[in-house]
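K.L.:
Read in order, the letters of the sequence shown correspond to residues 18 to 72 in the numbering used here. Please find one structure pasted underneath; my questions will follow.
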Amino acid sequence: MASPKLVARHQSTDYATQSAHVADAYTRLRAAGFVPYVTVRALGRMTMNAGWDPQ
């Protein structure tokens with residue numbers, strides 16, 4: 018029986034409020050192999066950015 022492989026995924030948090038900056042952060046970070054999360058600095062609630070579903 019083969020052992021399961023552990024896959025580590027790097028996460029990144031970026032703080033952006035303008036839609037162009039949000040899109041840029043998601044695009045750059047995904048291209049670099051990160052799992053991006055773009056939010057505002059006030060972390061009292063989770064931010065879901067339209068068009069950028071969590072993966």
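The beta carbon of each residue, even a glycine, is placed where N, CA and C say it ideally should be. Just so it is clear, the structure is predicted and the values come from calculations on it, not from any experiment.
Taking its Cβ as the centre, do 16 or more other Cβ atoms sit within 10 Å of V52, making it buried, or is it exposed?
P.N.:
Exposed: under 16 other Cβ atoms inside 10 Å.
K.L.:
Return yes when the Cβ of A42 is within less than 8 angstroms of the Cβ of V55, no when it is not.
P.N.:
Their beta carbons are under 8 angstroms apart, which means V55 touches A42 by this criterion.
K.L.:
Might you give, ordered along the chain, the residues of its own chain that have their beta carbon closer than 6 angstroms to the beta carbon of L46, omitting 5 neighbours on each side?
P.N.:
Excluding sequence neighbours, L46 sits near S29, P53.
K.L.:
What are the partner residues of S36, as DSSP defines its beta bridges?
P.N.:
Beta-bridge pairing links S36 to no other residue.
K.L.:
Whole angstroms is fine: what's the gap from A37's alpha carbon to G50's?
P.N.:
Rounded to the nearest angstrom, the two C-alpha atoms are 20 angstroms apart.
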